[in-house]
Structure formats: structure tokens, C-alpha cells
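Working notes, structure below.
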Amino acid sequence: MTESSFSPASSAKPSLRRAVTGPMLFLFILGDVLGAGVYALAGTIAGQVGGAIWVPLLVALFFAMLTAGSYAELVTKYPHAGAASVFAEKAFKSPLVSFLVGFSMLAAAVTSAAGLSLAFTGDYLAAFLKVPPTLAALVFLTVIALLNARGIKESLGANMVMTCIELSGLLLVVVAAVWCFHAGEANLGRAVEFKAGVNPMLAVLGAALLAFYSFVGFETSANLAEEIRGVRTVYPRALFGALITAGVVYMAVGVAASVVLPMDQLMATSAPLLEVVRASGLDIPPQLFAFIALVAVANGALLTMIMASRLAYGMARMGLLPTPLSRVLSKRRTPLFAIIATTGVAMALTLTGTLAALAETVVLLLLFVFLSTNLAVLVLRRDPVDKDHFRVPTWVPVLAIVSCLILLSQQSLDTWLRGGALMLLGVVLYGCNRLATPVAAPS
Numbered sequence: 001m002t003e004s005s006f007s008p009a010s011s012a013k014p015s016l017r018r019a020v021t022g023p024m025l026f027l028f029i030l031g032d033v034l035g036a037g038v039y040a041l042a043g044t045i046a047g048q049v050g051g052a053i054w055v056p057l058l059v060a061l062f063f064a065m066l067t068a069g070s071y072a073e074l075v076t077k078y079p080h081a082g083a084a085s086v087f088a089e090k091a092f093k094s095p096l097v098s099f100l101v102g103f104s105m106l107a108a109a110v111t112s113a114a115g116l117s118l119a120f121t122g123d124y125l126a127a128f129l130k131v132p133p134t135l136a137a138l139v140f141l142t143v144i145a146l147l148n149a150r151g152i153k154e155s156l157g158a159n160m161v162m163t164c165i166e167l168s169g170l171l172l173v174v175v176a177a178v179w180c181f182h183a184g185e186a187n188l189g190r191a192v193e194f195k196a197g198v199n200p201m202l203a204v205l206g207a208a209l210l211a212f213y214s215f216v217g218f219e220t221s222a223n224l225a226e227e228i229r230g231v232r233t234v235y236p237r238a239l240f241g242a243l244i245t246a247g248v249v250y251m252a253v254g255v256a257a258s259v260v261l262p263m264d265q266l267m268a269t270s271a272p273l274l275e276v277v278r279a280s281g282l283d284i285p286p287q288l289f290a291f292i293a294l295v296a297v298a299n300g301a302l303l304t305m306i307m308a309s310r311l312a313y314g315m316a317r318m319g320l321l322p323t324p325l326s327r328v329l330s331k332r333r334t335p336l337f338a339i340i341a342t343t344g345v346a347m348a349l350t351l352t353g354t355l356a357a358l359a360e361t362v363v364l365l366l367l368f369v370f371l372s373t374n375l376a377v378l379v380l381r382r383d384p385v386d387k388d389h390f391r392v393p394t395w396v397p398v399l400a401i402v403s404c405l406i407l408l409s410q411q412s413l414d415t416w417l418r419g420g421a422l423m424l425l426g427v428v429l430y431g432c433n434r435l436a437t438p439v440a441a442p443s
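All residue numbers in the sequence shown are consecutive under full-length UniProt numbering, ending with 443.
See the structure below:
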């Protein structure tokens with residue numbers, strides 16, 4: 001590839017193509033929020049709250065909608081790639097704070113992609129073929145990178161197909177529950193039962209903190225701001241519509257799981273939705289659900305790596321990461337160097353981390369990003385812009401800050417240590433980049 005194949009970020013033309021429509025954005029967010037975690041969610045939440053699985057899911061949806069309100073205001077006010085780091089730079093006027101916020105988001109994204117690659121190469125893939133997990137994870141990330149580099153329209157086209165498959169699997173669980181109900185085998189009373197010996201309010205709060213992880217993913221859409229057509233009107237509708245849709249599906253799946261399976265059976269399996277379909281009486285091949293789960297994992301990895309590459313691109317344009325990451329292919333208009341860099345880091349993480357450790361670190365890093373974004377909304381109310389944009393009531397970011405602090409208080413010491421190590425790495429990278437940047441001579 002020659003030098004002329006690339007376009008600099010400073011070109012007079014838009015650096016990224018505005019090819020993302022409202023329906024594409026809606027499915028992007030929905031696919032990223034639904035993710036692979038929901039396929040193991042029901043049993044985990046049931047272990048804390050009992051059969052009323054839908055209640056903590058509703059609370060978690062409320063928490064997510066609060067922070068989503070802050071994103072909707074800031075994205076429509078400042079529609080630039082880079083998202084959270086751009087907001088932090090404008091609000092706090094500190095290059096270091098802006099870098100650490102952006103780096104937290106970037107680190108969470110590549111860590112999540114690494115975890116998803118490990119999930120892809122586990123038992124679900126083994127249902128179809130036996131391959132070395134490490135090799136399969138590296139090949140998986142390579143395929144994701146190639147699709148990402150091909151173009152945002154092509155990537156989101158694949159996402160639309162995968163999201164429909166993923167959503168159909170969850171709806172199949174609901175259909176299975178209805179089938180079981182008509183057969184007289186379902187127990188509707190379990191859907192309002194709480195775990196014996198626990199305080200319902202405390203149990204719901206604890207389970208909601210866990211359920212919140214299932215709504216993480218909506219924030220990645222902010223990094224597509226420069227590629228969305230009519231971003232100031234399209235973005236809020238797609239964001240809230242996708243979150244509400246995911247919440248309704250989650251709660252329907254939660255009710256379905258609790259009415260079909262007794263709590264002890266639901267908590268005893270690592271594949272609760274598969275057990276729900278089996279117990280319902282529907283003659284569904286087990287490999288069908290394995291396929292749907294693989295599609296869900298692949299979809300989440302694709303959307304996460306799209307976000308990671310766009311974030312690295314945006315931070316490089318701001319001078320927070322090396323300049324080559326801000327260059328794009330002139331024909332495809334995709335940030336190739338950023339895609340290569342983020343994929344390389346994700347590959348390295350698959351070789352050094354476990355799925356559990358990677359997932360815990362993702363949550364901690366994203367909570368700091370959310371906290372920064374919610375604070376930025378309040379600070380930037382003093383910075384009016386000349387175009388109309390979405391605006392939330394002041395109490396929304398305030399309550400969102402409170403929810404982030406509650407969630408942070410639930411993290412373990414090991415997670416804090418891992419997150420701290422990653423942030424220390426970020427500080428080192430920031431210092432190296434500053435030293436490498438030449439200082440302009442005085443005029």
C-alpha cells in the first residue's frame with residue numbers, strides 16, 4: 001500500500017464517511033447491548049434475587065437510561081469521533097484527564113474484544129469443531145479486523161444480520177415459555193417470588209448492579225458521531241429506542257426463564273436459556289442455540305472493535321495518541337492503522353488474561369468513563385453552541401453520577417488493582433507521546 005492510499009485527518013473533506021442511517025444505528029446499539037452475556041444472565045440473577053428476575057433488570061435499565069441521557073446530550077452537542085475523551089477535554093481542559101478517559105474507554109474495548117474472542121473459542125465453538133483455543137481466538141480477531149477495515153457500511157450491514165439472529169434466539173426463549181404455559185407446565189407465580197431469607201430491596205439492588213453489565217455497550221455508538229446522517233435528531237431516537245427494546249426483551253426472557261424452570265435448576269446451569277428451551281417441550285436442536293450464541297459473541301466483538309478503532313482514531317486527531325493512528329484509507333475511508341493497532345492489543349490480551357479477569361476489568365474502566373461523561377454534561381452547560389441539540393434535565397446526570405458511585409463501590413480489590421495497572425500504563429503512554437511531540441519554537 002502506497003502513501004497515496006491514505007488521507008490525512010486534516011483533509012478539507014470529512015475524514016469519515018457519513019454512511020450510518022437511523023435503522024443501522026438502532027441495530028448497532030441493540031446488537032452491542034444485547035451481547036453474549038444475556039445467555040448466562042438469568043441463572044446468575046436468579047441466584048441473588050430468586051424468581052423475580054425482571055425486577056433488577058428494570059432497575060438496571062433505569063440506571064443505563066440515566067447515563068444514556070448524558071451521552072445523547074453531549075453527542076448531539078459535539079458530534080465528533082472520540083466521544084468520551086472529547087467531552088472530557090472540553091469540560092475539564094486537561095489533556096491528561098482527556099487522555100485517561102479516552103484510554104479507559106479504549107482499554108475497556110480491546111479488553112472486552114479479547115474476552116469475547118475467548119468466549120467464542122469455548123464450549124459453543126466446540127459443539128461444531130475442535131480447534132486449539134488460542135489459534136481460534138487469533139483467527140477470530142483477524143476476521144473481525146478485516147471486516148472492520150472493509151468499511152463502516154459493510155460492518156454495520158453484517159451487524160444487522162447478526163443482531164436479527166441474536167434477537168431471534170432470545171425471542172425463541174419467550175416462545176418456548178408460552179408453549180410451556182399452554183401445555184400447563186409453566187408456573188407464573190415464580191416470576192414474583194423472591195429468594196427466601198433475603199431482604200427483597202437489598203436483593204434487587206445487588207442483582208441490579210450485576211444486571212447493569214448487560215446494558216453496557218450503548219456508549220460505543222458515540223464514537224460513530226461523525227459517520228451518522230442527521231446525528232442531532234437520529235442519535236437520541238436510536239439510543240433510547242435500542243435501550244428500551246433491549247430492556248423489554250431482557251425482562252421478557254427473565255420472566256420466561258423463571259416460569260419454565262425452578263430456581264435450583266436455573267441456578268445450576270451455565271447455559272440457562274438452553275435449559276429453558278429444553279424444558280419447554282419444544283423440539284429445538286441444541287446446536288441451534290450454540291450457533292446463536294456464537295453469532296452473539298461475534299456481533300459483540302465486531303461492534304466493540306469498530307468502536308475501539310474509531311476511538312483510537314479520534315484520540316490521535318486530538319494529539320493524544322501517535323499521529324499515524326489518525327490516517328484513513330482514501331477509498332474505504334476507514335482508520336486502517338487504528339484497526340491494526342487495536343486488534344494487535346486485543347490479540348496480546350487473549351494470550352495473557354482469563355475471561356473472568358478481562359470481564360471484571362471492563363466493568364471498572366467503563367464506570368470511570370460514565371462518571372466522567374455525566375460530570376461533563378453539568379460542566380458544559382456553561383458552553384452554549386449555535387445549533388439545537390438534545391438536552392436532559394439536570395437531575396438526570398446527577399442521578400447517573402450517584403448510580404456510577406454505587407456500582408464502583410461493588411468492585412473487588414483485585415479488579416481495582418488490574419484497573420489501576422492499566423491506567424498506569426496509560427499515564428506512561430501519555431508521557432512518552434508528550435516527549436515525542438516536538439515543541440514549537442517561539443516566534
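Glycine included, every Cβ here is placed at the ideal spot set by N, Cα and C.
- Are V276 and A257 touching if we call contact CB-CB under 7 Å? yes
- Separation of L366 from A108, as counted between CA atoms: 7 Å
- From H389 to Y71, what does the alpha carbon distance come to, in whole angstroms? 12 Å
- Query: Any idea what DSSP makes of G122, helix, strand or coil?
  - Reply: coil
- Cα-Cα separation, T134 to A348: 11 Å
- Beta-carbon spacing of K195, V33 below 7 Å: Their beta carbons are not under 7 Å apart, which means K195 does not touch V33 by this criterion.
- E50 - partner residues in DSSP beta bridges: The sequence as given places Gly at residue 50; Glu does not occur at that position. Note: G50 sits in a beta bridge opposite F194.
- Limits of the alpha helix (DSSP H) - the one that G254 falls within: V231 to V260
- So what does DSSP say about I284, is it helix, strand or coil? The DSSP-derived three-state label of I284 is coil.
- Using a threshold of 7 Å, state whether the C-beta atoms of G189 and F26 are closer than that. no
- Task: Check each candidate in Y235, V175 and D414 and name the one with the smallest Cα separation from V75.
- Result: Y235
- Task: Assess, as a yes-or-no matter, whether the segment 94-109 is touched by the segment 313-321 under the definition of 3 or more beta carbon pairs within less than 8 Å.
- Result: yes
- Task: Classify W54 as buried or exposed, calling it buried when 16 or more other Cβ atoms lie within 10 Å of its own Cβ.
- Result: buried
- Message: Looking at F99: is its Cβ nearer than 7 Å to the Cβ of Y313?
- Response: Not closer than 7 Å, so no.
- Between A64 and F218, which are expected to be in contact by the criterion C-beta below 8 Å, what is the C-beta distance as a whole number of angstroms? 7 Å
- Message: Quick check on DSSP: helix, strand or coil for V379?
- Response: In the structure shown, V379 falls within a helical segment according to DSSP collapsed to helix, strand and coil.
- Distance CB(V101)-CB(S85) smaller than 7 Å: yes
- Message: For a test of the three-state rule: what should DSSP assign to V328, helix, strand or coil?
- Response: strand
- Query: Which of helix, strand or coil does DSSP assign to V131?
  - Reply: coil
- DSSP three-state call for V427: helix, strand or coil? V427 carries a helical assignment under DSSP once its states are collapsed to helix, strand and coil.
- Residue range of the unbroken alpha helix (DSSP H) whose run includes Q410: Bounds of any alpha helix (DSSP H) do not take in Q410, whose DSSP letter is neither H nor E.
- Message: Would I339 and A149 be called neighbours here (beta carbons separated by less than 7 Å)?
- Response: yes
- Message: With a threshold of 6 Å on Cβ separation, who are the neighbours of A52 within its own chain once the five nearest residues in sequence on each side are excluded?
- Response: V192 and F194
- Message: Suppose you measure from the CA of E360 to the CA of P384; what does that come to, to the nearest Å?
- Response: The alpha-carbon of E360 is positioned some 38 Å away from that of P384.
- Identify the residues that DSSP records as bridge partners of V20: which are they? BP columns for V20 point to I228.
- What is the DSSP secondary structure of P56, reduced to helix, strand or coil? helix
- Message: Quick check on I390: does DSSP put it in helix, strand or coil?
- Response: Strictly speaking, residue 390 in this sequence is Phe, with Ile absent from that position. In this structure, F390 counts as coil in the three-state DSSP scheme.
- Item | Inter-residue spacing [alpha-carbon to alpha-carbon] between G254 and A42 | 6 Å
- Other residues of its chain near A129: CB distance less than 6 Å, five sequence neighbours each side excluded: The residue you asked about is not Ala; residue 129 is Leu in the sequence shown. Cβ neighbours of L129 beyond the five flanking positions: none.
- Through-space distance from L266 to E227, alpha-carbon basis: Cα to Cα, E227 sits roughly 42 Å from L266.
- Cα separation between A119 and L407? If you take the alpha carbons of A119 and L407, they lie about 25 Å apart.
- From the DSSP output, in three-state form, read off N199 for me. coil
- Query: Cβ-heavy atom distance between L100 and the ligand ADP below 6 Å?
  - Reply: Only the bare structure without any ligand can be found here, which leaves the ligand ADP out of the picture.
- Task: For G419, count neighbouring Cβ atoms within 10 angstroms of its own Cβ and tell me buried if that reaches 16, exposed if not.
- Result: buried
- Item | Three-state secondary structure (DSSP) of A436 | helix
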